[in-house]
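This report refers to the structure that appears directly beneath it.
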Amino acid sequence: MPLVTSTQMFKKAYEGGYAIGAFNVNNMEIIQGITEAAQELNAPLILQVSKGARAYANATYLRKLVDAALEETGLPICLHLDHGDTFETCKSCIDGGFTSVMIDGSHHSFEDNIKETKRVVQYAHDHGVVVEAELGRLAGVEDDISVSAEDSSYTRPEEVEEFVSKTGVDSLAIAIGTSHGAFKFTSEPSLRFDILEEVQRKLPGFPIVLHGASSVIPEFVQMINEYGGSMPGAMGVPEDMLRQAAKSSVCKINIDSDLRLAMTGTIRKYFAENPGHFDPRQYLSPARAAIKGLVMNKLTNVLGCDGKA
Ligand code: G3H
Ligand code: 13P
Ligand code: ZN
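Here our numbering = 1-based position in the sequence shown + 40.
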């Protein structure tokens, strides 16, 4: 099966009250761990590539690895550019075979965000590709850009209808209190579900995206802390909140940090227990298995998209 866009996935997810997992990929083991999990559970999948991932692995390598996953799994997979910063980055991914791109104009003024998004939408739609945009701004670190809590801002529901109708965008990422990275809350986690509900009322049937949605799974943070790392205060979005979001108009839930923690925790443990080993296959195998286990849990217990491919 060739790569698909997220259009049908989102329609079914919206109607079915579940969400699609959008997992960030950077290398072969991550792609294998995620796609083996989805294959076993017959789940639709979005694999997303950041600007940093393209710089690290080279977009062609990632594209070919995803082609291999398509061939191996036969799953509906959408290949998405995460946090595209410019029209040129989006165009390069569209020309390179991606089926979905995000143009992240959340740091621009409302008017400039509309202008930039509209330009990407026109090019993308001409090439059969769908577009995600963002209104409101998440805190945290993404692609070397650090957004402080003071510079972050919640999505303003009164802006969403105008934004969607003027840009023609296919899905919208909103800011309701999640953030990128492993340190999302300094006290009790809380999200602005009232904003999500208001957006859903203004845009009935329209797919919403939640970024910064890792749970920062304690098992892996503990593993990192136990085996020579140090991540005091790491905290993510509780799974209950993600389940609640998945039942609403949120159709795409972005997860990256949890994959990083699973991989790093497992490798730290491996080296602590096997100090003399130096074959990458030996320590990457358990890391890949940890990613697979983590993704299986997300698909079934959090997103509810197992069996929906
Ligand atoms: O939202 C950002 C993702 O976690 C990707 O991070 O840009 O470091 O690859 P990255
Ligand atoms: P996390 O840092 O919570 O995994 O968020 C990832 C993300 O939003 C990618 O766009
Ligand atoms: Zn993001």
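Don't be surprised by glycine CBs; every beta carbon is placed ideally from N, CA and C.
Considering only the alpha carbon of each residue, which of the options lies closest to residue i?
| i | options | result |
| --- | --- | --- |
| THR340 | PHE318, GLN240, VAL89, ALA286 | ALA286 |
| GLU199 | SER188, ALA213, VAL187 | ALA213 |
| MET49 | LEU43, PRO42, MET41, ILE60 | ILE60 |
| VAL277 | PHE225, VAL239, THR75 | PHE225 |
| GLY305 | ALA329, ASP234, HIS317 | ALA329 |
| ALA189 | ILE71, VAL239, PHE223, TYR58 | PHE223 |
| LEU81 | ASP107, PHE150, ALA164, THR113 | THR113 |
For residue i, report the span of its beta strand (DSSP E) as first-last.
| i | result |
| --- | --- |
| ASN64 | 60 to 64 |
Using only the alpha-carbon positions, how far apart do residue i and residue j sit?
| i | j | result |
| --- | --- | --- |
| VAL161 | MET263 | 43 Å |
| GLU237 | ILE248 | 11 Å |
| PRO42 | LEU110 | 7 Å |
| ASP144 | GLU259 | 32 Å |
| TYR267 | PRO326 | 15 Å |
| PHE203 | ILE307 | 44 Å |
| ASP298 | ALA274 | 11 Å |
| PRO320 | VAL256 | 25 Å |
| MET303 | LYS158 | 38 Å |
| LEU282 | SER230 | 11 Å |
| ASN337 | LEU343 | 9 Å |
| ALA108 | ALA164 | 24 Å |
| SER149 | ASN67 | 35 Å |
Looking only at DSSP bridge pairs, what is residue i linked to?
| i | result |
| --- | --- |
| GLN88 | ASN64, HIS120 |
| LEU250 | ILE293 |
| GLU128 | GLU128 is not bridged to any residue. |
What are the boundary residues of the alpha helix (DSSP H) that residue i is part of?
| i | result |
| --- | --- |
| LYS224 | Per DSSP, LYS224 belongs to no alpha helix (DSSP H) and is neither H nor E. |
| VAL204 | 197 to 207 |
| SER211 | SER211 -> not in any alpha helix (DSSP H); beta strand (DSSP E) instead, spanning 211 to 214. |
On the premise that residue j lies in contact with residue i, defined as a C-beta separation below 8 Å, what is that separation, rounded to the nearest angstrom?
| i | j | result |
| --- | --- | --- |
| LEU178 | HIS251 | 6 Å |
| VAL261 | LEU301 | 6 Å |
| ILE331 | ILE74 | 6 Å |
| ALA83 | ASP346 | 5 Å |
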